[in-house]
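Student:
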Amino acid sequence: MNDVVLQTRGLVKEFGGLRAVNSLDFTLRRGELRCVIGPNGAGKSTLFKLLTGQLKPTAGTIHFKGLDVTRLLPHEIARAGIGIKFQVPRVYDSLSVTENLWLSARSRHGAAAGAIVDRVLAEVGLVERRTSPVGHLSHGDRQWVEIGMVLTSDPDLVLLDEPTAGMTHAEARRTADLVREINRRATLIVVEHDMDFVRSIAGYVTVLHRGAVLAEGTMDEIRANDVVRDIYLGKRPRARR
Amino acid sequence: MTAWALWAVAVAVVAALPAVLSPFQIVQLTVFMIYSLLALSLDLIWGFGGILSFGQAAFFGVGGYVYGIVGINSGSTTLALIAGVAGAAGLAALLGYFTFYGRVGSMYFAVITLTVTLILHQVMGTTADPRYAVGQARLGGYNGMTNIPSLALEVPGRAPLTLDPVQLFYVVGGLLLLVLALTRALVRGSFGRVLAAIREDELRTELLGYDPRWRKLVTFAISGSIAGLAGGLFAGWGNFMNPQVFSMFQSALVVIWVMVGGRSTLYGAVVGTLVVQSLTNYLGTASVTYTTVALGTALVVIVLLFPRGLVPAIEGAVRRVSGRRPPAPEFAR
Amino acid sequence: MDFVAVTAFGIVYTIATLILLALGLAVIFGMMGVINLAQAEFLMVGAYTVLIVTAHGASVWVGIAVAPVVVGLLGLVIERTIIRFLYGRILDTMLATWGLSLGLVGLVTLVFGPTTEGIATPLGHVTVGEYRLSVYSVFVILMAFAVLGLTYGLFNYTRFGLVARATMQNPNMVSALGVNPARVYMGTFAFGAALAGLGGGVMAPLTGVVPTLGLAFIAKIFITVIVGGPVILLGTTTAGVVLGLVESLVSYGSTPIYGQVAMLAFAIILLRLLPQGISGFWRRGV
Ligand SMILES: Nc1ncnc2c1ncn2[C@@H]1O[C@H](COP(=O)(O)OP(=O)(O)OP(=O)(O)O)[C@@H](O)[C@H]1O
Ligand SMILES: [Mg+2]
Chain Z
154 MNDVVLQTRG LVKEFGGLRA VNSLDFTLRR GELRCVIGPN GAGKSTLFKL LTGQLKPTAG
214 TIHFKGLDVT RLLPHEIARA GIGIKFQVPR VYDSLSVTEN LWLSARSRHG AAAGAIVDRV
274 LAEVGLVERR TSPVGHLSHG DRQWVEIGMV LTSDPDLVLL DEPTAGMTHA EARRTADLVR
334 EINRRATLIV VEHDMDFVRS IAGYVTVLHR GAVLAEGTMD EIRANDVVRD IYLGKRPRAR
394 R
Chain H
42 MTAWALWAVA VAVVAALPAV LSPFQIVQLT VFMIYSLLAL SLDLIWGFGG ILSFGQAAFF
102 GVGGYVYGIV GINSGSTTLA LIAGVAGAAG LAALLGYFTF YGRVGSMYFA VITLTVTLIL
162 HQVMGTTADP RYAVGQARLG GYNGMTNIPS LALEVPGRAP LTLDPVQLFY VVGGLLLLVL
222 ALTRALVRGS FGRVLAAIRE DELRTELLGY DPRWRKLVTF AISGSIAGLA GGLFAGWGNF
282 MNPQVFSMFQ SALVVIWVMV GGRSTLYGAV VGTLVVQSLT NYLGTASVTY TTVALGTALV
342 VIVLLFPRGL VPAIEGAVRR VSGRRPPAPE FAR
Chain L
1023 MDFVAVTAFG IVYTIATLIL LALGLAVIFG MMGVINLAQA EFLMVGAYTV LIVTAHGASV
1083 WVGIAVAPVV VGLLGLVIER TIIRFLYGRI LDTMLATWGL SLGLVGLVTL VFGPTTEGIA
1143 TPLGHVTVGE YRLSVYSVFV ILMAFAVLGL TYGLFNYTRF GLVARATMQN PNMVSALGVN
1203 PARVYMGTFA FGAALAGLGG GVMAPLTGVV PTLGLAFIAK IFITVIVGGP VILLGTTTAG
1263 VVLGLVESLV SYGSTPIYGQ VAMLAFAIIL LRLLPQGISG FWRRGV
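Residue numbers (our numbering), protein chains in the order written: chain Z, 154 to 394; chain H, 42 to 374; chain L, 1023 to 1308.
Below, the structure is given as structure tokens:
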């Protein structure tokens, strides 16, 4: 049982009359790579906000590494070891790449931050751009900065909200490699709309619909599921640029 | 070389000024440097913490009054100065606790700090009756608190030595440079980097594991203590405090100093204060009324035309004319 | 019994003045999210308007009717020349209105001098047992009800009010519908100023007229609006009642100054619990 890293029970979030997350029971084992898919408005981002403490659930509990984190503040949850990458890259535009990475490294590693930053700069391929203000980078590179921030803080559980949004095919492939790389060190939840990407990282898939779990299984099982196909896979996948 | 050379120049200038200036000018410049400390306190919390406080005059006043009360009662001005700093820091911490931990918005924060100042003004104004006294120290209402002891050098085992104007100038100048160096170290160190991150994106920083409330509280308390230090020095300089230190005029003046100097640098606060105060001195204090009109107009004009500060705008213009590129962004300039 | 009646009247009066003086500020805050630091000076200009009108031989009532017009126009001019360049920059707007506040105090002092001028309080007194009550304070209470009604009517029964409420909810949507939000802001700012002018005019016979008149009220009305939060009428009324009670009760036990200190302490502690003010639960609105 102690290999369960994350467990939500009866998780509910209401906005006015709308239940964005509806009695969600979700369990994640250590080392897992879980993809969460679902149509727009299914409650994926809301789930991430609940897990990181940005929103407080209307009802239900969240346990992380056996600890009840339901009522903890965002910074306490982050310190406990949950890291997030936002849907829209959320980085410090006026600060340099190094400084962005240093900020995330220091919060959990203190004085060791410098060495970690140097290592991660190489991993995400931004050594040459390390003194540039992040605001001057391309969209793709900004995504890498944020992924780098997740790597430097070295969390036990990493939440990636649409990591490939706005990336080219080549960049998306590189991200898939990186996701597998992160997964060697941490448990991952990846929200993605891009089915090719989900298949390429070959994780276990949870389909969310109207805030609840509609189906769970491997990508092939999900593909074979008629209900899922109707509400989700029937739609045209997002076009790449 | 540049940073150390600049500090050396600053120290040399402070050291040399008494030889060049008249005694009157030295006394004037002493109070300008005290005001610079006050401006620095706002620059720290506003420019680097990203939190606009309209209440720096309140901490200045509290520092001054506490200096007076403790100085008159104990006779030790060192103790009085420390108490003044502690009193102001305590008030700032208390206010900061309620506002930052309540996550009050930035505009509410500004209004609350202003309201605290206005109410202190009124409360101190009602203390004219002799029964409003702390020990030997009478608060004095609008007539003010008098007979506050001058700052003295206190070495244990020796009689305290009251500082003459030049010595006071050195003490204040030394403290100003010291506080400038310490705040600079603070904003360039890891605390200051996280503060810069909070200023740019509070939620993001929180999700990296930093508690913004606590850091804002600490910054505000430090800012309050610097304002309190300035207030204590002011009371020891003029031997007098009155409720006008809490007036709208004083509160706005602090903001003007920082707006003129620009809030992206710490030294800007000092430059802004020296420029504004020398200018008002030069123009002559014909009447407080004219100064009030001028101050109000200046505030409106600067906000409309130079929201990033007057000195930075001039620097920018000079740089454009001379064709130099602006410096690369950095955590804290 | 007379004592109870008179005390109760005093409390109602305190609440009414808070609402009367704070409502203009609340209107501007509710619409634009900005605390206008020159609001106290709008009150002051309203009071001076009454002073000038009575000095020319007209009655106080004429003065009170003219004050909101004068101050409303002043607000319009200020909005057109300063405020409109600062929309979206909340702290800068506050700084500019602060400068305006100082400038107005200075200018009025230059023109009229720093002394307090009195205006005779109309309507005389009635006696309740051994107490004397000014009839004019009954008028002040009625005026508070009147401005609440006026504001309610304006926002709920006029086309301007409809557009204004829509703008509060979503300015972008409104501009997509072809309404210029800038005009709405202009109108609201002028209306908020006019309310302040009316409040200042009504209070003028009671307080005397002096350039720093606003200072006596400004702390109270800031606190009222902050505690009230962004819902104009409900917020201001609730905050006025709660804070008026706090102020009157503490003032009776000590001095009016401590009444204000208690209001401030109450407000700060309340904001620790409700950082958006009492009405922060609700959406922005009237
Ligand atoms: N702060 C909020 N207030 C009110 N409703 C909200 C809020 N945040 C989300 N919602 C609603 O909750 C539902 C779930 O939204 P959420 O952003 O979690 O969806 P999502 O699965 O991430 O969608 P997408 O694929 O478009 O990113 C939506 O209907 C959304 O409109
Ligand atoms: Mg989403």
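Every residue gets a Cβ at the ideal spot worked out from N, C-alpha and C, and that includes glycine.
All of these numbers come straight from a predicted model, not from anything done at the bench.
Considering only residues of the same chain and omitting the five flanking positions on each side of SER285(Z), which have a CB-CB separation below 7 angstroms?
Tutor: Hits under 7 angstroms: SER249 and VAL250.
Student: Considering only the alpha carbon of each residue, which of THR330(H), GLY146(H), MET300(H) and VAL329(H) lies closest to GLU316(H)?
Tutor: Reading the sequence as shown, one finds Val at residue 316(H) and not Glu. Measuring from the Cα of VAL316(H), the nearest candidate turns out to be MET300(H).
Student: For LYS202(Z), which three-state DSSP category applies?
Tutor: Here LYS202(Z) sits in helix by DSSP.
Student: Beta-carbon of GLY1275(L) versus every beta-carbon of chain H: anything under 8 angstroms?
Tutor: No, its Cβ sits nowhere closer than 8 angstroms to a Cβ of chain H.
Student: TYR1153(L) bridges to which residues according to DSSP?
Tutor: DSSP lists VAL1150(L) as partners of TYR1153(L).
Student: Give me the DSSP bridge partner(s) of MET186(H).
Tutor: Partner(s): MET282(H).
Student: Considering only their Cβ atoms, is the gap separating LEU192(H) from GLY277(H) smaller than 8 angstroms?
Tutor: Their beta carbons are under 8 angstroms apart, which means GLY277(H) touches LEU192(H) by this criterion.
Student: Once you ignore the five residues that flank VAL381(Z) on each side, which residues in its own chain have a CB closer than 8 angstroms to its CB?
Tutor: Excluding residues within five positions, the ones whose Cβ falls inside 8 angstroms are VAL360, LEU367, ALA368 and ILE375.
Student: In chain order, what are the residues with a CB under 5 angstroms from some non-hydrogen atom of ligand 1?
Tutor: Those satisfying the condition are, in chain order, PHE168(Z), ALA173(Z), ASN193(Z), GLY194(Z), ALA195(Z), GLY196(Z), LYS197(Z), SER198(Z) and THR199(Z).
Student: Can you tell me where the beta strand (DSSP E) with PHE101(H) in it begins and where it stops?
Tutor: Counting along the chain, PHE101(H) falls outside any beta strand (DSSP E), though it belongs to the alpha helix (DSSP H) covering 97-115.
Student: Residues of chain Z with CB under 8 angstroms from ARG360(H), in chain order?
Tutor: Within chain Z, no residue comes near ARG360(H); the closest Cβ sits about 18 angstroms away, beyond 8 angstroms.
Student: What three-state label does DSSP hand THR384(H) in the structure shown?
Tutor: Because residue 384(H) is not part of the residues shown, which for chain H are 42 to 374, the question remains open.
Student: Does the beta-carbon distance from GLY206(Z) to LEU186(Z) come in below 8 angstroms?
Tutor: No. Outside cutoff.
Student: Using only alpha-carbon positions, find the residue among THR1210(L), MET1116(L) and THR1180(L) that is nearest to PHE1244(L).
Tutor: Selected option, being the one with the closest Cα: MET1116(L).
Student: Put LYS197(Z) into one of helix, strand or coil per three-state DSSP.
Tutor: Helix, per DSSP.
Student: DSSP on LEU208(Z), reduced to helix/strand/coil?
Tutor: In this structure, LEU208(Z) counts as coil in the three-state DSSP scheme.
Student: Heavy atom of ligand 2 less than 7 angstroms from the Cβ of ASP383(Z), yes or no?
Tutor: Incorrect: ASP383(Z) has no Cβ contact closer than 7 angstroms to ligand 2.
Student: Taking the alpha-carbon positions, what's the ASN1194(L) to ALA1186(L) distance?
Tutor: Roughly 13 angstroms between the two C-alpha positions.
Student: Taking the alpha carbon of PHE201(Z) as the point to measure from, which residue in LEU313(Z), VAL241(Z), THR321(Z) and HIS262(Z) has its own alpha carbon closest?
Tutor: Among LEU313(Z), VAL241(Z), THR321(Z) and HIS262(Z), the Cα nearest to that of PHE201(Z) belongs to LEU313(Z).
Student: Does the beta-carbon of ALA57(H) have 16 or more other beta-carbons within 10 angstroms, so that it is buried, or is it exposed?
Tutor: ALA57(H) is exposed by the Cβ-count criterion.
Student: The beta strand (DSSP E) spanning LYS166(Z) covers which residue range?
Tutor: Segment 157-168, the beta strand (DSSP E) holding LYS166(Z).
Student: Could you say which of GLY1250(L), ILE1248(L), GLY1221(L) and VAL1162(L) lies nearest to GLY1236(L) if we only look at CA atoms?
Tutor: Closest by alpha carbon: GLY1221(L).
Student: Ligand 4 heavy atoms versus the CB of ASP314(Z): any closer than 7 angstroms?
Tutor: Within the structure as shown, ligand 4 is missing, the only ligands being ligand 1 and ligand 2.
Student: Quick one: does the C-beta of GLN285(H) sit closer than 7 angstroms to a heavy atom of ligand 2?
Tutor: Flag unset: Cβ of GLN285(H) not near ligand 2.
Student: Measure the C-alpha to C-alpha separation of VAL1127(L) and ALA335(H) and round it to an integer number of angstroms.
Tutor: C-alpha separation (whole angstroms): 11 angstroms.
Student: For the segment 185-259 of chain H, list the alpha helix (DSSP H) runs that are entirely contained and at least 4 residues long, ordered along the chain.
Tutor: Fully enclosed alpha helix (DSSP H) runs of 4 or longer: 206-229, 231-241 and 243-248.
Student: Contact check, ALA388(H) vs VAL295(H) under 8 angstroms by CB: the rounded distance?
Tutor: As displayed, chain H neither begins before 42 nor continues past 374, which places residue 388(H) out of reach and without an answer.
Student: Can a CB atom of chain H be found closer than 8 angstroms to the CB of LEU1104(L)?
Tutor: It should be noted that the sequence gives Ile, not Leu, for residue 1104(L). At least one chain H Cβ lies under 8 angstroms of ILE1104(L).
Student: How is the beta strand (DSSP E) around LYS238(Z) delimited, first residue to last?
Tutor: Residues 235-238.
Student: On the CB-based measure, 16 or more other CB atoms within 10 Å of its CB, does VAL352(H) come out buried or exposed?
Tutor: The residue in question, VAL352(H), is buried, as its Cβ has 16 or more Cβ neighbours within 10 Å.
Student: Tell me which same chain residues have a C-beta within less than 6 angstroms of the C-beta of THR1131(L), skipping the five on either side of it?
Tutor: Result list for THR1131(L): PRO1233, in chain order.
Student: Verify whether the separation of the beta carbon atoms of ALA1218(L) and VAL1093(L) is less than 8 angstroms.
Tutor: A contact, by the Cβ cut-off of 8 angstroms.
Student: If the cut-off is 9 angstroms on Cβ atoms, which residues from the segment 224-250 of chain H count as contacting chain Z, listed in chain order?
Tutor: Residues passing the 9 angstroms Cβ filter: SER231, ARG234, VAL235, ALA237, ALA238, GLU241, ASP242, LEU244, ARG245, THR246, GLU247, LEU248, LEU249 and GLY250.
Student: With a Cβ-Cβ cutoff of 8 angstroms, do GLY194(Z) and THR161(Z) count as a contact?
Tutor: Cβ atoms of GLY194(Z) and THR161(Z): not closer than 8 angstroms.
Student: For LEU310(Z), report the span of its beta strand (DSSP E) as first-last.
Tutor: 310-314 is the extent of the beta strand (DSSP E) around LEU310(Z).
Student: Using the rule of at least 16 other Cβ atoms within 10 Å of the residue's Cβ for burial, across every protein chain shown, is SER328(H) buried or exposed?
Tutor: Looking at its Cβ environment, which holds fewer than 16 other Cβ atoms inside 10 Å, SER328(H) is exposed.
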